[in-house]
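> As numbered in this note's numbering, the sequence shown has no gaps in its residue numbers, which increase by one up to the final residue, 205.
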Amino acid sequence: MKHQPFENWILDDDLELSQEQVSALKKHLEDCSYCQELDKNWQAATMLLVTRPILSPSSGFSLRWQDQFVAKRLLQQKKQVRKTFLFVFLGIFTTSILLMLYLALTADLAHTLVTLTKGIINLSFSFIKVAQVVKPFLNSLPTVIPVSAWMFLTTTFVTLTFAWFVAVWQFAFKGVYNQ
Ligand SMILES: [Zn+2]
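1) Please check the pair Leu139 and Thr180, which I expect to be a contact at CB under 8 angstroms, by giving their CB distance rounded to whole angstroms.
2) Pull up the distance between the alpha-carbon of Gln74 and that of Lys98, whole angstroms please.
3) Under the three-state reduction of DSSP, which class applies to Glu42: helix, strand or coil?
4) Can Phe32 be considered in contact with ligand 1, in the sense that its beta carbon sits closer than 7 angstroms to one or more heavy atoms?
5) How big is the Cα-Cα spacing for Ala50 and Ala70?
6) Relative to the alpha-carbon of Gln196, which residue among Phe178, Asp93, Gln106 has its alpha-carbon at the smallest distance?
7) From Gln62 to Trp35, what does the alpha carbon distance come to, in whole angstroms?
8) Are the beta-carbon atoms of Ala189 and Phe119 separated by less than 8 angstroms?
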């Protein structure tokens with residue numbers, strides 16, 4: 027089958043085809059699988075050439091936008107971490123002072139706290155394999171360590187636990203980059 031001039035008509039986009047030429051090409055395409063294939067591939071290639079320059083800058087733009095977004099998120103995460111550290115520090119500081127004052131005024135509570143701390147520590151270590159080694163040492167501790175040291179340990183433990191809970195709550199429910 028003769029494919030000219032149809033091949034040229036298909037491939038040359040600048041060509042202005044007359045009404046007769048268009049219908050002749052249409053008719054040829056119905057019968058000729060070779061030109062059908064050529065037409066299909068050429069249209070696909072043209073589509074690719076047309077869409078490429080549009081897609082490239084837009085994907086570049088979205089990448090830049092993503093970079094900015096990531097940078098912003100990292101900054102917010104840093105702020106969040108700094109805030110958490112500040113909160114933990116202030117929490118320990120203020121709670122320590124308040125508890126020390128309170129314990130100094132109520133000796134009974136101090137005694138209770140020491141007993142409680144001993145219980146908590148004994149319980150914690152019983153879950154660890156080294157408990158057998160540490161327990162005798164722990165049991166001898168209260169007589170050696172003064173009450174004020176126990177107060178400080180208790181305060182730190184309670185504050186850290188509280189701060190940990192708040193931090194987990196913040197990260198879990200409010201999201202990392204919430205202000
Ligand atoms: Zn043909």
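From the three backbone atoms N, C-alpha and C, an ideal C-beta is built for every residue, glycine too. Because the structure is a prediction, the values reported are computed rather than measured.
Taking the geometry as given:
1) Translated into the one-based positions of the sequence shown, residue 139 becomes position 113. Translated into the one-based positions of the sequence shown, residue 180 becomes position 154. Yes, Leu139 and Thr180 are in contact; Cβ-Cβ is about 5 angstroms, under 8 angstroms.
2) The count along the sequence shown starts at 1 and reaches residue 74 at position 48. The count along the sequence shown starts at 1 and reaches residue 98 at position 72. Inspection of the sequence shows that residue 74 is occupied by Leu rather than by Gln. Taking the straight line from one Cα to the other gives about 35 angstroms.
3) Walking along the sequence shown from the start, residue 42 turns up at place 16. Coil.
4) As a working mapping, residue 32 is identified with position 6 in the sequence shown. Under cutoff, so the answer is yes.
5) The residue given as residue 50 occupies position 24 in the sequence shown. The residue given as residue 70 occupies position 44 in the sequence shown. Their Cα atoms are separated by approximately 22 angstroms.
6) Within the sequence shown, residue 196 is the residue found at index 170, counting from 1. When only C-alpha atoms are compared, the closest one is Gln106.
7) Here residue 62 is taken as the residue at index 36 of the sequence shown, counted from 1. Here residue 35 is taken as the residue at index 9 of the sequence shown, counted from 1. Approximately 12 angstroms, taken between the alpha carbons.
8) The residue labelled residue 189 in the question sits at position 163 within the sequence shown. The residue labelled residue 119 in the question sits at position 93 within the sequence shown. For Ala189 and Phe119, no; Cβs fall outside 8 angstroms.
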